[in-house]
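Chains as they are written, first to last, in the working numbering: chain A, 1 to 113; chain B, 1001 to 1114. Ideal Cβ positions, reconstructed from N, Cα and C, are used throughout, including at glycine. It should be emphasised that the depicted structure is a prediction, and the values quoted were computed from it without experimental measurement. A quick write-up on the structure given underneath.
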């Protein structure tokens, strides 16, 4: 079983629509959670962290369900510039520092005009 | 100023050659990482360094050796390159390797082994 699983898509969504992505993670020791965004042929960049209480940043809302080991991202009023690959990421922090991130394969989103 | 930089951006080489990729960060971070993104776009941790000490070494062939001359640099040396090494290699850094820290990625080095 993969450590972080996501639906690879692509999700083709009209501009202005709301779209939701989900991911599941297998390691219950995972301690921190993120959504990163990766544009074509570019590096990943942090979109938002995902806290147990959930968090919102403008049109983006992220939620975490530790019991189900499930993370979600909701994008409202989608823009053409939201077209990208969204990477679900977990960090299994060992306390010794320098832990690498575990990435899902990403969900490809295409916003259509 | 670029926060995390890598050189070269593109690297085309023959099987069996030895090559190095350089990474520098000017963020004052204590921890640096190397990730590999394969042809299926799967991004996976290879190594990380905290204060010049290797903390993680995933199941990567020993042909790959990270070298950190100082806190701001983490280079990746690859011996006897194989076709399967073709991928995009990303360097990243974070403040101190704590669980909620943002990792900042370099632009990537696209390696093609012929």
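Quick one: what's got a C-beta closer than 6 Å to residue i's C-beta in the same chain, skipping five residues either side?
| i | result |
| --- | --- |
| residue 63(A) | 54 and 72 |
| residue 1095(B) | 1029 and 1101 |
| residue 74(A) | 20 and 61 |
| residue 79(A) | none |
| residue 30(A) | 90 and 92 |
| residue 1033(B) | 1048 and 1092 |
| residue 1060(B) | 1046 |
| residue 22(A) | 72 |
When DSSP builds the beta bridges, which residues end up paired with residue i?
| i | result |
| --- | --- |
| residue 1055(B) | DSSP, once it has assigned bridges, lists no residue as partnering residue 1055(B). |
| residue 56(A) | 61(A) |
| residue 1027(B) | DSSP lists no partner for residue 1027(B). |
| residue 18(A) | DSSP, once it has assigned bridges, lists no residue as partnering residue 18(A). |
| residue 38(A) | 44(A) and 85(A) |
| residue 1113(B) | 1013(B) |
| residue 13(A) | 111(A) |
| residue 91(A) | 32(A) and 101(A) |
| residue 1099(B) | According to DSSP, which records beta bridges pairwise, residue 1099(B) is partnered with nothing at all. |
| residue 73(A) | 21(A) and 62(A) |
Any Cβ of chain A within less than 8 Å of the Cβ of residue i?
| i | result |
| --- | --- |
| residue 1021(B) | no |
| residue 1095(B) | no |
| residue 1048(B) | yes |
| residue 1106(B) | yes |
| residue 1064(B) | no |
| residue 1074(B) | no |
| residue 1025(B) | no |
| residue 1103(B) | yes |
| residue 1082(B) | no |
| residue 1041(B) | yes |
| residue 1045(B) | yes |
Apart from the five residues just before and just after residue i, which ones in its own chain have a Cβ nearer than 7 Å to its Cβ?
| i | result |
| --- | --- |
| residue 77(A) | 16 and 59 |
| residue 1057(B) | 1047 |
| residue 1111(B) | 1011, 1085, 1086, 1087 and 1089 |
| residue 66(A) | 52 |
| residue 106(A) | 6, 8, 38, 85, 86 and 87 |
| residue 1107(B) | 1006 and 1009 |
| residue 1003(B) | 1025, 1026, 1027 and 1104 |
Mind checking if residue i is an interface residue toward chain B, Cβ cutoff 8 Å exclusive?
| i | result |
| --- | --- |
| residue 103(A) | yes |
| residue 46(A) | yes |
| residue 53(A) | no |
| residue 27(A) | no |
| residue 43(A) | yes |
| residue 100(A) | yes |
| residue 31(A) | yes |
| residue 49(A) | yes |
| residue 91(A) | yes |
Indicate whether at least one CB of chain E lies closer than 8 Å to the CB of residue i.
| i | result |
| --- | --- |
| residue 16(A) | In the structure shown, chain E does not exist; the protein chains are A and B. |
Please go through the same chain and pick out, in chain order, the residues whose beta-carbon is closer than 8 Å to the beta-carbon of residue i, but skip the five residues on each side of it.
| i | result |
| --- | --- |
| residue 1020(B) | 1075, 1076, 1077 and 1078 |
Legend entry - Contiguous beta strand (DSSP E) assignments of at least 3 residues, all confined to the region 1042 to 1090 of chain B: Listed in chain order, the complete beta strand (DSSP E) runs (minimum 3 residues) inside the region 1042 to 1090 of chain B are 1043 to 1050, 1053 to 1057, 1064 to 1070 and 1073 to 1078.
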